[in-house]
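One structure below.
Protein chains in written order, with full-length UniProt numbering: chain A, 1 to 455; chain B, 1 to 127.
So this is what it looks like as structure tokens:
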């Protein structure tokens with residue numbers, strides 16, 4: 001005999017189940033979505049996309065890049081402090097545990113963001129949310145860690161920068177273009193007295209600002225929104241709602257100019273013009289990426305210059321490395337052409353590079369435009385699809401504008417670019433002041449004025 | 001490096017503490033290192049790797065003071081003298097400035113050995 005109450009329970013369950021089935025739309029996929037869903041857990045912003053696959057990644061993206069650091073070197077020091085001793089676990093234990101679970105911890109910084117994250121197997125999500133929460137809330141900023149582990153690495157990084165003429169030239173070009181803020185060198189330069197600015201207290205203060213609710217976002221790939229929400233709510237409980245001090249940087253302004261640095265090993269030259277901000281920023285110009293694709297960088301086809309204008313023009317110097325990049329930031333951007341190779345190659349080909357920009361300013365064929373647009377779109381989408389870049393862009397968009405970076409919109413924006421817009425951008429670049437930086441054999445490397453640029 | 005100590009055991013038991021306190025007072029007086037201006041942590045032998053690393057973790061001020069105390073004590077020892085009474089280390093000054101660091105370093109070493117000797121068992125069932 002069925003009792004009345006038991007029958008009632010079954011009926012209730014059956015009713016609930018049928019309601020749930022109705023609620024699920026027919027076309028909704030069971031799992032897997034390419035767009036980021038943004039959310040908020042107790043004031044902590046997070047975004048995730050549930051891309052199918054066994055590997056997931058998760059990162060804290062903090063608005064604590066070199067642009068926002070209060071003193072030079074702080075961002076780098078904070079990056080190196082990630083996954084070091086916390087109140088609950090030692091450095092060694094963190095490393096061994098994450099190794100045993102099968103994962104990769106990664107930290108890096110850019111001019112605007114500090115990214116602290118991990119790649120891991122999908123099932124281990126709770127462990128890694130907890131780990132990231134520990135890094136943000138409970139890292140011990142002990143002086144001995146700084147002396148034993150962080151200063152030595154910073155010093156090696158300084159030496160690596162000193163030996164790399166291309167990085168030096170790029171840093172110098174950013175400095176010329178934006179002076180302070182965005183122009184801050186991305187790695188501490190070799191002559192920076194690190195210990196004067198970076199000590200345990202200044203890093204701890206910076207961390208209290210970088211890991212405060214308004215300054216960071218959590219971004220997940222291959223992570224379900226609901227689960228991330230739950231675990232973030234559970235582990236990120238001690239995050240301060242206000243930063244220790246405000247991480248500020250004034251609105252970027254383009255200056256431009258010329259800098260020449262004598263260097264014994266290697267020759268690099270960077271020619272840079274104002275570019276586009278990120279899609280979530282204010283001055284978004286998709287034509288910058290099209291112009292970059294039109295000028296071209298390393299060829300995407302083997303043994304051929306492809307459709308890249310710059311490679312076609314410099315075919316006589318196969319040893320010359322040439323690359324065009326449109327770097328985008330929250331409120332400004334830089335379109336830069338980097339030449340590196342032997343001093344003579346760089347010197348001879350700098351002028352043709354400028355001539356090509358002039359030619360583009362006076363007109364481009366439809367075929368070239370179509371090719372460049374296709375390439376630009378492919379590059380943007382490919383870049384955005386790679387989890388690492390997408391995570392940084394999404395996190396930065398969330399922190400700075402409250403909007404996640406949506407890859408589909410970027411594709412559409414590139415489609416809408418016209419020839420006039422690209423020409424206009426090239427024309428403006430030539431009319432305004434350029435940022436030109438030469439590092440290497442200064443007797444051979446040309447001045448900006450000699451290659452026909454205004455500085 | 002960190003010496004075994006009965007102190008935590010005694011501290012927990014007030015009756016034992018009442019009994020042991022005069023004894024410890026007498027012992028500290030007889031050991032006489034305070035009369036040379038030293039602290040108890042200055043007596044830990046330096047000739048070990050952990051101690052060397054621990055000393056590097058002292059703040060510059062602590063490190064300087066440590067060397068000063070040692071030189072002063074050495075000088076007294078050569079002269080076969082004790083310091084004047086007002087320069088003796090007071091019991092409240094005799095803090096353990098080095099032992100916590102040593103304990104931390106020892107814990108690090110033990111943890112590393114533990115992790116190195118660990119045997120990993122994969123769970124049979126999926127979590």
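Positions of the beta carbon are idealized from the N, C-alpha and C atoms, including for glycine. All values derive from a computational prediction rather than experimental measurement.
Residue i, enclosing beta strand (DSSP E) - first and last residue
i             : result
residue 40/A  : 37-41
residue 114/A : 114-121
residue 85/B  : Run containing residue 85/B: none; DSSP gives neither H nor E here.
residue 98/A  : Careful: residue 98/A lies outside any beta strand (DSSP E), inside the alpha helix (DSSP H) at 91-101.
residue 338/A : 333-341
residue 166/A : First-last for residue 166/A: 165-178, but that is the alpha helix (DSSP H), not the beta strand (DSSP E).
residue 274/A : 267-274
residue 220/A : 216-221
residue 262/A : 257-262
residue 282/A : Note, residue 282/A: premise wrong, no beta strand (DSSP E); not H, not E.
residue 437/A : 435-440
Any chain B beta carbon closer than 8 Å to residue i
i             : result
residue 96/A  : yes
residue 90/A  : yes
residue 101/A : no
residue 122/A : no
residue 31/A  : Any reading at residue 31/A must be qualified, since the residue scores a pLDDT of 41, below 50, and its modelled position is unreliable; the value itself is stated next. Cβ-Cβ to chain B under 8 Å: no for residue 31/A.
Between the CA atoms of residue j and residue i - distance to the nearest angstrom
i             : j             : result
residue 443/A : residue 248/A : 40 Å
residue 8/B   : residue 91/A  : 29 Å
residue 88/A  : residue 115/A : 22 Å
residue 371/A : residue 360/A : 14 Å
residue 66/B  : residue 42/B  : 7 Å
residue 181/A : residue 250/A : 7 Å
residue 281/A : residue 135/A : 29 Å
residue 226/A : residue 49/A  : 11 Å
residue 74/B  : residue 5/B   : 27 Å
residue 17/B  : residue 146/A : 41 Å
residue 21/A  : residue 217/A : With a pLDDT of 42 at residue 21/A, under the threshold of 50, the modelled position of that residue is not reliable, and the figure given next carries that caveat. Distance between the alpha carbons of residue 21/A and residue 217/A: 34 Å.
residue 127/A : residue 389/A : 23 Å
residue 450/A : residue 170/A : 20 Å
residue 369/A : residue 312/A : 16 Å
residue 112/A : residue 189/A : 18 Å
residue 335/A : residue 433/A : 13 Å
residue 137/A : residue 179/A : 33 Å
residue 55/A  : residue 131/A : 17 Å
residue 314/A : residue 268/A : 15 Å
residue 15/B  : residue 244/A : 48 Å
residue 123/B : residue 143/A : 40 Å
residue 289/A : residue 85/A  : 42 Å
Delimiting residues of the alpha helix (DSSP H) encompassing residue i
i             : result
residue 49/A  : Note, residue 49/A: premise wrong, no alpha helix (DSSP H); beta strand (DSSP E) at 44-49.
residue 377/A : 366-385
residue 210/A : 200-210
residue 58/B  : Note, residue 58/B: premise wrong, no alpha helix (DSSP H); not H, not E.
residue 83/A  : Per DSSP, residue 83/A belongs to no alpha helix (DSSP H) and is neither H nor E.
residue 196/A : 194-197
residue 234/A : 225-235
Residue-chain proximity (residue i, chain A), Cβ-Cβ < 8 Å
i             : result
residue 49/B  : no
residue 123/B : no
residue 108/B : yes
residue 46/B  : no
residue 96/B  : no
residue 62/B  : no
residue 120/B : yes
residue 57/B  : yes
residue 115/B : yes
Residue i, DSSP secondary structure in three states
i             : result
residue 109/A : strand
residue 95/B  : coil
residue 321/A : strand
residue 354/A : helix
residue 102/B : helix
residue 58/A  : strand
residue 67/A  : coil
residue 327/A : strand
residue 125/A : helix
residue 305/A : coil
Per-residue contacts from residue i into chain D (C-beta, under 8 Å)
i            : result
residue 67/A : Checking the listed chains, one finds no chain D in this structure; the protein chains it contains are A and B.
Indicate whether the contact test is met: 3 or more Cβ pairs, each with one atom in the stretch 272-289 of chain A and one in the stretch 193-208 of chain A, closer than 8 Å.
no
Three or more C-beta pairs under 8 Å: does that hold for the stretch 112-131 of chain A against the stretch 158-174 of chain A?
no
Are the stretch 91-101 of chain A and the stretch 108-115 of chain B touching by the rule of at least three beta carbon pairs closer than 8 Å?
Yes, they touch.
Using 8 Å as the cut-off, can you tell me whether the stretch 29-42 of chain B makes contact with the stretch 86-105 of chain B, which would need three or more C-beta pairs spanning the two stretches below that distance?
yes
Touching by the beta-carbon criterion (3+ pairs, under 8 Å), the stretch 16-24 of chain B and the stretch 40-57 of chain B
no
Are the stretch 294-308 of chain A and the stretch 263-271 of chain A touching by the rule of at least three beta carbon pairs closer than 8 Å?
no
If we count Cβ pairs, one from each stretch, closer than 8 Å, do we get three or more for the stretch 59-73 of chain A versus the stretch 381-397 of chain A?
yes
Would the stretch 140-160 of chain A and the stretch 93-107 of chain A be scored as touching if the rule is three or more Cβ pairs under 8 Å?
no
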